[in-house]
Amino acid sequence: CEEFDLGQVYECDPAGKNNAVVRPALGSFKHEAVAVDTQNRCLYLTEDQRDGGFYRFRPDRDLPDISSGQLEIASVVNRDGKSFVEWLAVPDPSAKQEAIRFQVPGYAVFRGGEGVAIHAGVTYFTTKHDNRVWAYDNNSHQLSIVYDVETSDNPILKGVDNVVITPGGDVLVAEDGGDMQIVVLTPEGKVIPLVQILGHEKSEIAGPAFDPGYQRLYFSSQRGSLGNNTGGITYEIYRSDLT
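Residue numbering for the sequence shown follows my numbering, starting at 80 and increasing by one per position.
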């Protein structure tokens with residue numbers, strides 16, 4: 080994802096054997112992250128703007144072909160005290176005349192979209208300017224807030240950024256700044272600090288990811304203790320009973 084006003088999404092070969100391919104159908108905006116919903120055959124995208132949108136892309140052909148399709152932006156309606164997403168078509172994903180979010184009156188504002196990940200039919204994403212973690216049910220379309228720093232009984236999570244999810248449904252949220260923590264949000268609503276990096280005040284935690292067997296967690300301090308572009312460090316946490 081390219082994080083500037085007319086940024087693009089590139090499809091990359093994880094093995095590095097093929098060149099990256101730009102996917103303009105996914106829109107020209109300040110992209111932050113993308114998650115693939117293989118069950119419903121669509122993609123969800125976040126936008127890093129203070130008045131940004133939350134997007135869905137429905138390809139014309141089956142995955143993994145995302146060369147063309149319909150880009151949509153979320154609007155939110157309330158029914159019986161609950162919030163639901165309605166998807167509105169984006170007229171011009173290239174944003175040649177107007178920024179995408181401004182093309183669609185009534186879009187829902189999400190204040191600085193960051194990480195996004197999918198587990199068990201639910202898309203979780205974060206918004207940094209209000210320190211919230213959201214949950215969107217991909218099938219019922221219900222939208223809820225699973226963490227809000229202003230209302231949480233344990234508001235230790237600040238600077239919300241990347242997310243990754245365990246098989247049991249624990250949502251791990253990395254901090255961009257804050258206390259340089261990875262914090263766990265459990266399905267029961269608990270907020271539990273997992274790890275904290277000390278002495279990296281000018282950095283952020285980036286790229287948390289599990290190995291395919293969910294036995295090891297990897298993450299990085301983007302600028303490390305030096306606080307510059309050459310100081311990055313990558314860490315591994317593994318289960319002690321596997322050594």
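Ideal Cβ positions, reconstructed from N, Cα and C, are used throughout, including at glycine.
Under the rule that 16 or more other beta-carbon atoms within 10 Å means buried, what is residue i, buried or exposed?
i      : result
Gly303 : buried
Gln118 : exposed
Thr206 : buried
Lys161 : exposed
Phe50  : The shown model of the chain, from 80 to 322, leaves out residue 50, and the question about it has no answer.
Ser319 : exposed
Leu277 : exposed
Cys91  : exposed
Arg140 : exposed
Glu82  : exposed
Val156 : exposed
Asp290 : exposed
Thr202 : buried
Gly194 : buried
Going by Cα to Cα distance, which pick from the options is closest to residue i?
i      : options                           : result
Phe298 : Thr309, Ala99, Lys109 and Met259  : Met259
Tyr89  : Val100, Gly95 and Lys96           : Val100
Ser223 : Gly268, Val169, Cys121 and Pro143 : Gly268
Ala112 : Glu315, Pro138, Ala285 and Ile316 : Ala285
Asp159 : Gln221, Gln294 and Pro287         : Gln221
Asp249 : Val225, Gly256, Asp232 and Ser231 : Val225
Asn241 : Thr265, Glu229, Arg211 and Pro266 : Arg211
Gly131 : Ser107, Leu264, Thr309 and Leu273 : Ser107
Val270 : Arg120, Ala199, Leu236 and Asn157 : Leu236
His198 : Pro266, Pro138, His208 and Val156 : Pro266
Asp209 : Cys121, Glu229, Arg137 and Leu167 : Glu229
Gln120 : Arg137, Pro184, Lys109 and Asn307 : What sits at residue 120 in the sequence shown is Arg, not Gln. Arg120 has its Cα closest to that of Arg137, out of Arg137, Pro184, Lys109 and Asn307.
Assuming residue i and residue j are in contact, meaning their beta carbons sit under 8 angstroms apart, how far apart are those beta carbons, in whole angstroms?
i      : j      : result
Gly191 : Gln128 : 7 angstroms
Ile145 : Ala196 : So it is not a contact: roughly 18 angstroms between Cβ atoms.
Pro287 : Ile261 : 6 angstroms
Gln294 : Tyr314 : Incorrect: roughly 15 angstroms between the Cβ atoms, too far for contact.
Val169 : Ile179 : 5 angstroms
Distance, Cα to Cα, residue i vs residue j?
i      : j      : result
Glu177 : Gly247 : 42 angstroms
Asp216 : Gln301 : 31 angstroms
Thr125 : Ala104 : 15 angstroms
Phe189 : Leu142 : 27 angstroms
Gln182 : Ser219 : 26 angstroms
Lys281 : Gln275 : 14 angstroms
Ser231 : Lys96  : 46 angstroms
Trp213 : Asp227 : 9 angstroms
Tyr186 : Asp171 : 15 angstroms
Gly292 : Val239 : 26 angstroms
Gly311 : Leu251 : 21 angstroms
Ala253 : Ile152 : 25 angstroms
Ser147 : Asp84  : 21 angstroms
Arg135 : Ala114 : 10 angstroms
Gly257 : Ser173 : 35 angstroms
Phe133 : Lys109 : 12 angstroms
Gly86  : Pro272 : 33 angstroms
Leu305 : Leu296 : 23 angstroms
Q: Please go through the region 128 to 200 and give each complete alpha helix (DSSP H) segment of 4 or more residues, from N-terminal end onward.
A: none
**Q.** Unbroken stretches of the beta strand (DSSP E), 3 residues or longer, contained in the region 227 to 277
**A.** 239 to 244, 250 to 254, 260 to 264 and 270 to 275
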